[in-house]
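The numbering used here puts the first residue of the sequence shown at 591, with every later residue one more than the last. Every residue gets a Cβ at the ideal spot worked out from N, C-alpha and C, and that includes glycine. Note sheet for the following structure.
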Amino acid sequence: MDSRIKYIYKILSLSEWKEAKTTNRIVTELDKKDGFIHLSTAKQLSATLALYFSNDQEVMLLRILSKSLKDNLIYEVPDSEKRSGKFPHYYGVLETRHVEKTWLLKRTAFAVSNNILLEAEA
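Structure representation (structure tokens):
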């Protein structure tokens with residue numbers, strides 16, 4: 591765990607968030623497939639939204655206190671040539687009780703080029 595990073599973030603579709611509130615567990619199909627929960631730091635959020643949620647008009651952004659996930663939070667290099675740095679991956683059951691704050695994000699009229707977002711992430 592990187593103790594300098596206070597918060598980490600999870601982005602969910604509205605249907606994934608609705609399911610999480612019902613089951614109290616936060617997991618996506620990608621998370622199930624990869625065997626861990628994909629998370630982002632604040633620095634990584636913009637590029638994650640642009641690259642993986644470009645077809646969504648609305649998403650839920652969840653803020654999680656890093657230390658609440660303890661030793662099961664590991665920062666790893668992604669399996670993507672596009673992304674750089676280490677990403678927070680959670681190897682455990684992420685529950686809604688871990689969520690400290692939520693925001694409904696709506697697509698706006700302003701967009702920044704993916705190349706700029708990736709440059710900012712590096």
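Check                                                                                                                                                                          : Outcome
Closest to E685 by CA distance: which of L629, Y597, S603, A610 is it?                                                                                                         : A610
Determine the burial state of E711: buried for a count of at least 16 other Cβ atoms within 10 Å of its Cβ, exposed for fewer.                                                 : buried
Between Q647, L694, F677, which lies nearest to F626 when the distance is taken from Cα to Cα?                                                                                 : F677
Between the Cα of S656 and the Cα atoms of E690, E671, R697, E709, which residue gives the shortest distance?                                                                  : E690
Label W607 either buried or exposed according to how many other C-beta atoms from any shown protein chain fall within 10 Å of its C-beta, with 16 as the threshold for buried. : buried
In this structure, does DSSP put S630 in helix, strand or coil?                                                                                                                : strand
Does A637 pass the burial test, meaning 16 or more other C-beta atoms within 10 Å, or should it be called exposed?                                                             : buried
Could you have a look at Y681 and say whether DSSP puts it in helix, strand or coil?                                                                                           : coil
Quick one: what's V689 bridged to in DSSP?                                                                                                                                     : I654
Among Y597, S603, P668, Y680, which has the Cα closest to the Cα of A632?                                                                                                      : Y597
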